[in-house]
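In the numbering used here, the protein residues as written are 931 to 1098. We put the CB at the ideal spot given by N, CA and C, even for glycine. Keep in mind that this is a model prediction, so the values were computed, not measured.
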């Protein structure tokens, strides 16, 4: 295999085996490295396409045709079941959000996160049942920037108001 030098996301020059757009992870380049220590071992790292091109302008041609990630979204729940969430105001592209994290940011079911496994024009199917099924009081966020938020009612769990803490 041929190798090439790239500048990674930390600004370091590194030698890699390949750099290709990852069709399964839109918006990212999959960079394959050969181990310097373990014989015949390769590992991959993922870099945002825009950072890869910015750091490696002479290799920008490798990013051509890279799928763009769908925009993040949010809204208000119209209805939900144990493993789905519907927002009748949406007109999403089918499976546009497969693999994205979903967070209930307000209302019934607040603070729960799930992974979206598929979607139709207005319904998201999730990877595991809700502990508390969201309803029309619930707001949601679809974003790769949501991982495991622990905020409830705009306060952190276990946080006591200053006046309560001083009384104890």
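- By the Cβ-count criterion, residue 996 is buried, with 16 or more other Cβ atoms from all chains shown falling within 10 Å of its own Cβ.
- Between residue 972 and residue 964, the C-beta gap is smaller than 7 Å, which places the two residues in contact.
- Per DSSP, reduced to three states, the secondary structure at residue 981 is helical.
- Assigned with DSSP and collapsed to three states, residue 960 falls in strand.
- The continuous beta strand (DSSP E) containing residue 1055 extends over residues 1053–1056.
- With fewer than 16 other beta carbons inside 10 angstroms of its own, residue 1058 counts as exposed.
- If you check the CB distance, residue 1020 and residue 986 do not come in under 7 Å.
- Less than 7 Å divides the Cβ of residue 1046 from the Cβ of residue 1032.
- A direct Cα-Cα distance of roughly 40 Å separates residue 1066 from residue 960.
- Bridge pairing for residue 972: 964 [DSSP].
- Beta-bridge partners assigned by DSSP to residue 1016: 1009 and 1053.
- Of the residues assessed, residue 967 falls on the exposed side of the cut-off, its CB having fewer than 16 other CB atoms within 10 angstroms.
- Per DSSP, the continuous beta strand (DSSP E) segment holding residue 1071 begins and ends at 1069–1072.
- Contact annotation: residue 977 and residue 1034 have beta-carbon atoms that are not nearer than 7 Å.
- Residue 1031 carries a strand assignment under DSSP once its states are collapsed to helix, strand and coil.
- Per DSSP, residue 951 is one residue of the beta strand (DSSP E) stretching across 948–951.
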